[in-house]
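Just so we're aligned, residue 1441 is where the first sequence starts under the numbering used here, counting upward by one. Even for Gly, the Cβ is constructed at its ideal location relative to N, Cα and C. One structure is given here, and the rest of the page talks about it.
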Amino acid sequence: MDIREHLRSGLSAALAQVGVDSHDLEIALERPANRDHGDWSSNVALVTAKSAGTNPRALGQQLVDLLAADPPPHVTAVELAGPGFVNFRLADTWLHDVLTDVLEQGEADYARHNLGAGARLNVEFVSANPNKPLHAGHGRGACYGDSIARLRERCGYQVTRENYINDRGVQMARYGESLAARKRGEEPPEDGYQGDYLIDWAAEMPDDADPLDWGRERALASHRATLAQLNVHHDVWFSERSMVDSGAIDETLSDLRERDAVFDHDGAVWLRTTALGDDKDRVLVKGDGDLTYLTPDIAYHRDKFSRSDRLFNVWGADHHGYVARMKAAMQLLGHDPGELEIAITQMVDFTRSGEEVKMSGRSGDFIALDDIIAEVGPDAARFTYLIQSVDSRQTFDLDVVAEQGMDNPVFYVQYAHARICSIVSRAADAGFRPAPLAETKIELLVHPRELEILRSLQELPDVVRLACLDNGPHRVAAWAREQAAALHGFYHECYVVGDGVSTEVTQARLALVAASQVGLRVALDLLGVSAPESM
RNA sequence: GCGCCCGUAGCUCAGCUGGAUAGAGCAUCUGACUACGGAUCAGAAGGUCGGGAGUUCGAAUCUCUCCGGGCGCGCCA
């Protein structure tokens, strides 16, 4: 049971005794940054003093006196501090409860939540054009989208990972022409695709193949292989072209027409998005009868909604301007725009030896995602993409990330996991077998290093919940680093197996490292990074 | 001009639904194994949280404004 439940009910009862109604109040409890302020602290007195017609310190003192007279479990002291904080000091036993929780719930259930209540969530990410290999910039969205999916799965959503294939329209026609030209040994057309990869692909292409169809499959095979290296696997690859054949696009247009969401003007068909927060109305069908890019996109989102309760899109920074129109379009189709979440990932810069590595979309002059993975390895690539908030522009230093040393947090975390495996196997060699928790004297865990591991583990459920709520997997990466630091520090000061260590302490510490391992495995899995047993 | 993101230690970044003395890694300096992997650990130093104003018991966090950087603002995709 979460210690905060105990403290909350104690505070709630005390508030009732002094005549403050706390029923509709979420009593905040936090771990003070400063240890001198105790193990847990509440600001209820500061928050409620005004409405109670008193001042925070006076109210706080009343609460402290009541709580001290009848302390909640584990509480050894209750103190008033600062402007009116109620601070709790706890016996180490509260952390021993954390150990029990972690080991009883295990990797499968610790830090699992039910925020989604089983709702079907469609997470669409990557969705790169099927006419070139994935480039380094795609890596961020790929790893982010996949970790979002993992977080949501752990938090009670039924997730579908989806990749949209823009396989219709002029850019695909140009791609087919470029591929055919390369096949003939010619340069691609001026408005075609210039990248060297086309030379290789053309060489692979059978003489009788349709360049567009074959080229589409070739590009998708390339995407699939690259993503697989990053441990990213989509459940659905959804073709834009399929919506022409299925009539989904026409259906969408008539649906919008029936809802009076479109109007005709200057020979084009317009969507009324201004009424819903967009800058201007948007053309769906151009004067020449062609569709704009927006129309299939709307049809696609309409289709996703037909099979999902909620949608989550990962878009690059260059697409943030389309958020308002897509939300407006969904609203015009009768959906709650709040059920469509769109995350924007800021751009990534690559440096090597401090020098910027140039990327330009023109003439296919880009760093291939494959090359990044080959240079730094899949785990380092994933961890690096994910350790930073996607709201910030990222600088990805290839030298630093490729280094298998201290500059590189992924190895630091993985090493902590490998080290635990090593300890366990060492203990096994010395004749120690994992004992049932009931027979383990976990109350022997009193060293500050031991308790630090447990404090950190106690935070993991909160970290996972928050990371899910604010779509920030980087929080999990930061936690993993902290847990690893706690483990390494423990390792140096507390021997698990050794001449001066009693059997009981060895058993207790084996339980402790097992719990740390559970936490590390949960975190690494959410990040899609492997947890090696040796390195 | 309008919209979104960012501005925190020398560098790369956390912290942002308000909490007490603003954190981590790297870099710099000083230390630590005759027992579990030194890819480790301990310590030191390092700050006008871009500037200003406001909200209040309290602001890196919320509001306004200004400055600086990035990305967008098509009957292109």
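Same chain only: Cβ atoms within 6 Å of residue 1881, ignoring 5 sequence neighbours per side = Looking up residue 1881 in the first sequence gives position 441. Only 1944, 1948 meet the Cβ criterion.
Give me whichever residues DSSP pairs with residue 1704 in a beta bridge.
-> Along the first sequence, one-based indexing puts residue 1704 at 264. According to DSSP, which records beta bridges pairwise, residue 1704 is partnered with 1709.
Is it the case that the Cβ atoms of residue 1929 and residue 1892 are separated by a distance below 8 Å?
-> For the purposes of this step, residue 1929 is taken as the residue at position 489 of the first sequence. For the purposes of this step, residue 1892 is taken as the residue at position 452 of the first sequence. Contact: yes.
Which word fits residue 1602, buried or exposed, when buried means at least 16 other C-beta atoms lie within 10 angstroms of its C-beta?
-> Here residue 1602 is taken as the residue at index 162 of the first sequence, counted from 1. It is buried - the Cβ of residue 1602 has at least 16 other Cβ atoms within 10 Å.
Does the region 1608–1624 come close enough to the region 1567–1577 to have 3 or more Cβ pairs within less than 8 Å?
-> yes
Considering only residues of the region 1914–1967, which uninterrupted alpha helix (DSSP H) runs meet the minimum length of 4 residues and lie entirely inside it, listed in chain order?
-> 1914–1933, 1943–1967
Inter-residue Cα distance where the pair is residue 1840 and residue 1848 | Here the question's residue 1840 lines up with position 400 in the first sequence. Here the question's residue 1848 lines up with position 408 in the first sequence. If I take the Cα positions, the gap works out to 7 Å.
Leaving out the 5 sequence neighbours to the left and right, which residues in its chain are closer than 8 Å to residue 1494 when beta-carbon positions are compared?
-> The residue labelled residue 1494 in the question sits at position 54 within the first sequence. Once the five neighbours on either side are set aside, residue 1494 has no close Cβ partner at all.
Nearest to residue 1674 (by Cα), restricted to the options 1583, 1689, 1711 | Reading the first sequence from its first residue, position 234 is the one you call residue 1674. The candidate whose alpha carbon is nearest that of residue 1674 is 1583.
My guess is that residue 1916 and residue 1903 are in contact by the Cβ rule of under 8 Å, so how many angstroms apart are they, rounded?
-> Locating residue 1916 in the first sequence gives position 476, counting from the first residue. Locating residue 1903 in the first sequence gives position 463, counting from the first residue. Right, the Cβ-Cβ distance comes to about 6 Å (below 8 Å), so this counts as a contact.
DSSP puts residue 1781 in a beta bridge; with which residues?
-> Translated into positions along the first sequence, residue 1781 becomes position 341. Partner(s): 1752.
Local Cβ density within 10 Å of residue 1896, reported as buried at 16 or more and exposed below that = Counting from 1 along the first sequence, the entry for residue 1896 is found at position 456. Under this definition residue 1896 is a buried residue.
Using a threshold of 8 Å, state whether the C-beta atoms of residue 1750 and residue 1779 are closer than that.
-> By one-based count along the first sequence, residue 1750 stands at place 310. By one-based count along the first sequence, residue 1779 stands at place 339. A contact, by the Cβ cut-off of 8 Å.
In chain order, each beta strand (DSSP E) run of at least 3 residues that lies wholly inside the region 1821–1870 | 1834–1837
Closest by CA to residue 2013, which one among 1946, 1898, 1941?
-> The chain is shown only over 1441 to 1975; residue 2013 falls outside these bounds and no answer can be derived.
Classification of residue 1478 by the beta-carbon crowding that lies within 10 angstroms, buried from 16 upward | The count along the first sequence starts at 1 and reaches residue 1478 at position 38. Buried.
In angstroms, rounded to a whole number, what distance separates the CA positions of residue 1577 and residue 1829?
-> For the purposes of this step, residue 1577 is taken as the residue at position 137 of the first sequence. For the purposes of this step, residue 1829 is taken as the residue at position 389 of the first sequence. Each residue's Cα considered, the two are about 15 Å apart.
Ordered along the chain, which non-local residues of its own chain (more than five positions away) have a Cβ less than 7 Å from that of residue 1831?
-> On the first sequence, position 391 is the one that residue 1831 refers to. Hits under 7 Å: 1786.
Ordered list of alpha helix (DSSP H) runs contained in the region 1530–1570, each at least 4 residues | 1533–1549
Candidates 1510, 1825, 1455: which alpha carbon is nearest residue 1485's?
-> To locate residue 1485, count along the first sequence from 1; it is residue 45. Comparing Cα-Cα distances from residue 1485 to each of 1510, 1825, 1455, the minimum goes to 1455.
Who are residue 1521's beta bridge partners in DSSP?
-> Locating residue 1521 in the first sequence gives position 81, counting from the first residue. BP columns for residue 1521 point to 1525.
Grouping DSSP H, G and I as helix and E and B as strand, with all else coil, what is residue 1893?
-> Here residue 1893 refers to the residue found at position 453 when the first sequence is read from its first residue. If DSSP states are grouped into helix, strand and coil, residue 1893 belongs with the helices.
What number of angstroms, rounded off, separates the C-alpha of residue 1501 from the C-alpha of residue 1490?
-> As a first step, residue 1501 is located in the first sequence; it is residue number 61 there, counting from the start. As a first step, residue 1490 is located in the first sequence; it is residue number 50 there, counting from the start. One C-alpha to the other measures close to 15 Å.
On the premise that residue 1864 lies in contact with residue 1820, defined as a C-beta separation below 8 Å, what is that separation, rounded to the nearest angstrom?
-> Start at 1 with the first residue of the first sequence, and residue 1820 comes out as number 380. Start at 1 with the first residue of the first sequence, and residue 1864 comes out as number 424. Rounded, the Cβ-Cβ distance is 25 Å, inconsistent with contact.
Got a sec? Which residues, its chain only, sit under 6 Å from residue 1842 by beta carbon, not counting five neighbours each side?
-> Along the first sequence, read from residue 1 onward, the residue named residue 1842 stands at position 402. Here the set comprises 1815, 1816.
Which same chain residues, not among the five before or five after residue 1907, have their C-beta less than 7 Å away from its C-beta?
-> As a working note, residue 1907 is residue 467 in the first sequence. Here the set comprises 1591, 1913, 1915, 1916.
Of the residues 1623, 1671, 1666, which one's Cα is nearest the Cα of residue 1654?
-> Reading the first sequence from its first residue, position 214 is the one you call residue 1654. Among 1623, 1671, 1666, the Cα nearest to that of residue 1654 belongs to 1623.
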